[in-house]
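To start, the structure itself, in structure tokens.
In this note's numbering, the protein residues as written are 35 to 192.
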């Protein structure tokens with residue numbers, strides 16, 4: 035994997051059956067997050083972001099997805115930003131992860147049958163490319179014809 039590249043690992047998952055969204059969110063942020071932070075830093079993870087997708091958000095977006103698309107029905111997701119993907123993978127063999135972090139997942143994550151892993155989780159790996167950051171474009175300005183410029187500026191095209 036190339037030098038200077040930032041990799042983003044995203045994992046979507048569901049909460050443990052029998053706990054409320056509020057209990058799930060509280061445990062993940064206030065208990066699990068502080069357990070993960072020092073492990074992530076130790077293993078060179080440059081950013082760990084939790085995002086909560088409560089049912090009222092999922093309902094809102096499911097009515098607003100483009101025709102033919104579907105929304106993901108998960109309670110949460112996590113983004114890991116790493117410079118070295120192999121080091122990220124190796125971090126899961128750390129005794130701290132095995133003996134502290136993974137056992138805590140059983141308190142709030144749907145772990146399914148207990149055979150390891152997370153029930154029904156969906157993961158993806160990709161590289162990051164900022165197009166807009168801090169409210170400013172990071173790319174060259176697009177050539178817009180007159181009609182496109184009017185539409186962008188709030189006017190009406192022909």
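Where a beta carbon is used, it is the ideal one built from N, C-alpha and C, also for glycine.
Task: Distance, residue 43 Cα to residue 141 Cα - done: Here residue 141 corresponds to residue number 107 of the chain shown, with the count starting at 1. Here residue 43 corresponds to residue number 9 of the chain shown, with the count starting at 1. The alpha-carbon atoms of residue 141 and residue 43 are separated by roughly 23 Å.
Task: Continuous beta strand (DSSP E) stretch holding residue 110: start and end - done: Mapped onto the chain shown, residue 110 falls at position 76. 110-116 is the extent of the beta strand (DSSP E) around residue 110.
TODO: Output the distance between the C-alpha atoms of residue 57 and residue 85, rounded to the nearest integer angstrom.
DONE: By one-based count along the chain shown, residue 57 stands at place 23. By one-based count along the chain shown, residue 85 stands at place 51. Taking the straight line from one Cα to the other gives about 15 Å.
Open item on the list: By DSSP's criteria, residue 167 is part of a beta bridge. Which residues make up the other side?
Closed with: Translated into positions along the chain shown, residue 167 becomes position 133. Bridge partners of residue 167: 170.
TODO: Assign residue 91 to buried or exposed, taking buried as 16 or more other Cβ atoms, counted over all protein chains shown, within 10 Å of its Cβ.
DONE: Within the chain shown, the letter at position 57 stands for residue 91. The residue in question, residue 91, is exposed, as its Cβ has fewer than 16 Cβ neighbours within 10 Å.
- [ ] Between the Cα of residue 81 and those of 161, 71, 163 and 129, spot the shortest distance and give me the residue it belongs to.
- [x] On the chain shown, residue 81 is found 47 positions in, with the first residue counted as 1. Of 161, 71, 163 and 129, the residue nearest in Cα terms is 71.
Open item on the list: If you measure between the beta carbons of residue 38 and residue 121, is that distance less than 9 Å?
Closed with: If you number the chain shown from 1, residue 38 lands on position 4. If you number the chain shown from 1, residue 121 lands on position 87. No. Outside cutoff.
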